[in-house]
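Residue numbers for the sequence shown follow full-length UniProt numbering, so the first one is 1 and each next one is one higher. By construction, the Cβ of each residue, glycine as well, lies at the ideal position given by its N, Cα and C atoms. Remarks on the structure that follows.
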Amino acid sequence: MREKSTSGAFYSRVQEKLDSLSKKERKTVEYMADNQEKLIYASITELAELAGTSEATVTRVCTKLGYSGFQALKVGVARELVSPQEKIHEDLNADSSAEVIIDKIFSSAIQTMTMTQRALDASAVARCIEVLCRARRIVVIGNGNSGAIAMDAQHKFLRIGLNVSAYTDDHMQMIAMASLGKEDVVMAISHSGSSRDVADAIRFVKENGATVISLTSNGISPVSKLADIRLYTHSQETRYRTYAIASRMAELTIIDTLYTGVSLKLGESAIQNFEALEKALVVKKY
Numbered sequence: 001m002r003e004k005s006t007s008g009a010f011y012s013r014v015q016e017k018l019d020s021l022s023k024k025e026r027k028t029v030e031y032m033a034d035n036q037e038k039l040i041y042a043s044i045t046e047l048a049e050l051a052g053t054s055e056a057t058v059t060r061v062c063t064k065l066g067y068s069g070f071q072a073l074k075v076g077v078a079r080e081l082v083s084p085q086e087k088i089h090e091d092l093n094a095d096s097s098a099e100v101i102i103d104k105i106f107s108s109a110i111q112t113m114t115m116t117q118r119a120l121d122a123s124a125v126a127r128c129i130e131v132l133c134r135a136r137r138i139v140v141i142g143n144g145n146s147g148a149i150a151m152d153a154q155h156k157f158l159r160i161g162l163n164v165s166a167y168t169d170d171h172m173q174m175i176a177m178a179s180l181g182k183e184d185v186v187m188a189i190s191h192s193g194s195s196r197d198v199a200d201a202i203r204f205v206k207e208n209g210a211t212v213i214s215l216t217s218n219g220i221s222p223v224s225k226l227a228d229i230r231l232y233t234h235s236q237e238t239r240y241r242t243y244a245i246a247s248r249m250a251e252l253t254i255i256d257t258l259y260t261g262v263s264l265k266l267g268e269s270a271i272q273n274f275e276a277l278e279k280a281l282v283v284k285k286y
């Protein structure tokens, strides 16, 4: 992979628009052009800090370069830097044997789990367990691939009798936010941390005083920046892939960690719910 491309649509747009940009916009776009590899790894918040400007300036630059937003610009740059094969996996190709694929995928998953375990903030996990135990209502939100993680959280917390709902539709998320207050908790899941819908939902619910927990990949992002308690996955996966598969496993494990911690805190109440659930589901099995 090249660190910098001086050809392609992105670089052409930069050269075409450079003289018409303000001083801050020019500073931003020059950093983008000189650091294209970092660009495709960064959230909009991280890019703004690296360039020494602001998220608003980054957004304006994207628009002036003809992109619908920062994510669209990143996709465009990644297409020019990365081969289609690398978007599936940078270390594998069509000729890779099953044994090699197994080794690469499992090694990546193990590495991600180990990195996340070592870096996970125990005090943040403890705070999450406390607020989840006290919550009048818990709402978990996540869009796209993160929606599956949100549904898993709902499934687990329902098993121990918590009042929890998961929403994967942006309209339903905003409707749910409207009824939440100081006694409630929102868990916002976004691998990139750059989901506009999730960030909008957080901004809306924080006005009503609800506690927000974020679960994102490592690094400052619009979603994590808005949260009261931040949980991160850590991985060396490249962010130009369609989805960081190993990080999804780390997200599920963090959810399982919270579920176990809350269950232990609830004690007898959780046990009673376990037993009631087993009785209710026994008729569903042979």
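Whole angstroms are fine: how far does the CA of Met-113 sit from the CA of Ile-271?
Walking along the sequence shown from the start, residue 271 turns up at place 271. Walking along the sequence shown from the start, residue 113 turns up at place 113. Each residue's alpha carbon lies about 29 Å from the other.
In this structure, does DSSP put Ser-224 in helix, strand or coil?
In the sequence shown, counting from the first residue as 1, residue 224 sits at position 224. Three-state result, Ser-224: helix.
Going along the chain, which residues of its own chain have a beta-carbon closer than 8 Å to the beta-carbon of Arg-26, five neighbours each way excluded?
Locating residue 26 in the sequence shown gives position 26, counting from the first residue. Correct list, in chain order: Leu-18.
Please state whether the Cβ-Cβ distance between Ile-213 and Met-187 is less than 8 Å.
Along the sequence shown, one-based indexing puts residue 213 at 213. Along the sequence shown, one-based indexing puts residue 187 at 187. Yes, these two residues count as a Cβ contact at 8 Å.
Excluding five sequence neighbours on each side, which residues of the same chain lie with their C-beta closer than 6 Å to the C-beta of Asn-218?
For the purposes of this step, residue 218 is identified with residue 218 of the sequence shown, where counting begins at 1. Same-chain partners within the cutoff: Tyr-232, His-234.
Is DSSP giving Tyr-232 helix, strand or coil here?
Position 232 of the sequence shown, counted from the start, is the residue given in the question as residue 232. It is a strand residue.
Would you mind giving the Cβ-Cβ distance between Asp-228 and Thr-211, rounded to the nearest angstrom? I have them listed as a contact below 8 Å.
Residue mapping note: residue 228 aligns to position 228 of the sequence shown, counting from 1. Residue mapping note: residue 211 aligns to position 211 of the sequence shown, counting from 1. Yes, Asp-228 and Thr-211 are in contact; Cβ-Cβ is about 5 Å, under 8 Å.
Touch test, the segment 40-49 against the segment 104-123, Cβ-Cβ under 8 Å, three pairs minimum:
no
What are the start and end residues of the beta strand (DSSP E) that includes Val-123?
Position 123 of the sequence shown, counted from the first residue, corresponds to residue 123. Strictly speaking, residue 123 in this sequence is Ser, with Val absent from that position. Careful: Ser-123 lies outside any beta strand (DSSP E), inside the alpha helix (DSSP H) at 122-134.
Limits of the alpha helix (DSSP H) - the one that Gly-147 falls within:
Numbered from its first residue, the sequence shown carries residue 147 at position 147. Its alpha helix (DSSP H) spans residues 145-159.
Cβ pair Ala-95, Arg-136 closer than 8 Å
What you label residue 95 is simply residue 95 of the sequence shown in a count that begins at 1. What you label residue 136 is simply residue 136 of the sequence shown in a count that begins at 1. Reading the sequence as shown, one finds Asp at residue 95 and not Ala. Cβ distance not < 8 Å, so Asp-95 and Arg-136 don't count as in contact.
Which term fits Ala-250, buried or exposed, when burial requires 16 or more other beta carbons within 10 angstroms of its beta carbon?
The count along the sequence shown starts at 1 and reaches residue 250 at position 250. The residue in question, Ala-250, is buried, as its Cβ has 16 or more Cβ neighbours within 10 Å.
If I'm right that Gln-150 touches Thr-168 with Cβ under 8 Å, what's the distance once you round it to whole angstroms?
Position 150 of the sequence shown, counted from the start, is the residue given in the question as residue 150. Position 168 of the sequence shown, counted from the start, is the residue given in the question as residue 168. Gln is not the amino acid found at residue 150; the sequence shown has Ala there. With a Cβ gap of about 6 Å, Ala-150 and Thr-168 count as contacting.
Touch test, the segment 130-147 against the segment 252-267, Cβ-Cβ under 8 Å, three pairs minimum:
yes
Below 8 Å on the Cβ atoms is my guess for Gly-69 versus Phe-10; work out the distance and round it to an integer in Å.
Translated into the one-based positions of the sequence shown, residue 69 becomes position 69. Translated into the one-based positions of the sequence shown, residue 10 becomes position 10. Actually they do not touch by this definition, with Cβ atoms about 14 Å apart.
Distance CB(Leu-266)-CB(Ile-160) smaller than 8 Å
The sequence position of residue 266 within the sequence shown is 266, counting from 1. The sequence position of residue 160 within the sequence shown is 160, counting from 1. Yes, these two residues count as a Cβ contact at 8 Å.
Secondary structure of residue 295, DSSP reduced to three states
A query on residue 295 cannot be resolved here, the shown segment of the chain reaching from 1 to 286 and no further.
Where Gln-36 and Ser-195 are concerned, what is the direct C-alpha to C-alpha distance, given to the nearest angstrom?
Along the sequence shown, read from residue 1 onward, the residue named residue 36 stands at position 36. Along the sequence shown, read from residue 1 onward, the residue named residue 195 stands at position 195. One C-alpha to the other measures close to 21 Å.
Per-residue DSSP class, three states only, for Ser-214:
Walking along the sequence shown from the start, residue 214 turns up at place 214. In the structure shown, Ser-214 sits in a strand (DSSP, three-state: E or B).
Alpha-carbon to alpha-carbon, Lys-156 and Glu-268:
Here residue 268 refers to the residue found at position 268 of the sequence shown. Here residue 156 refers to the residue found at position 156 of the sequence shown. Those two C-alpha atoms are separated by around 17 Å.
Given a cut-off of 8 Å, decide if Val-29 and Ile-129 are closer than it, judged by their beta-carbon atoms.
Along the sequence shown, read from residue 1 onward, the residue named residue 129 stands at position 129. Along the sequence shown, read from residue 1 onward, the residue named residue 29 stands at position 29. No, the Cβ-Cβ distance between Ile-129 and Val-29 is not below 8 Å.
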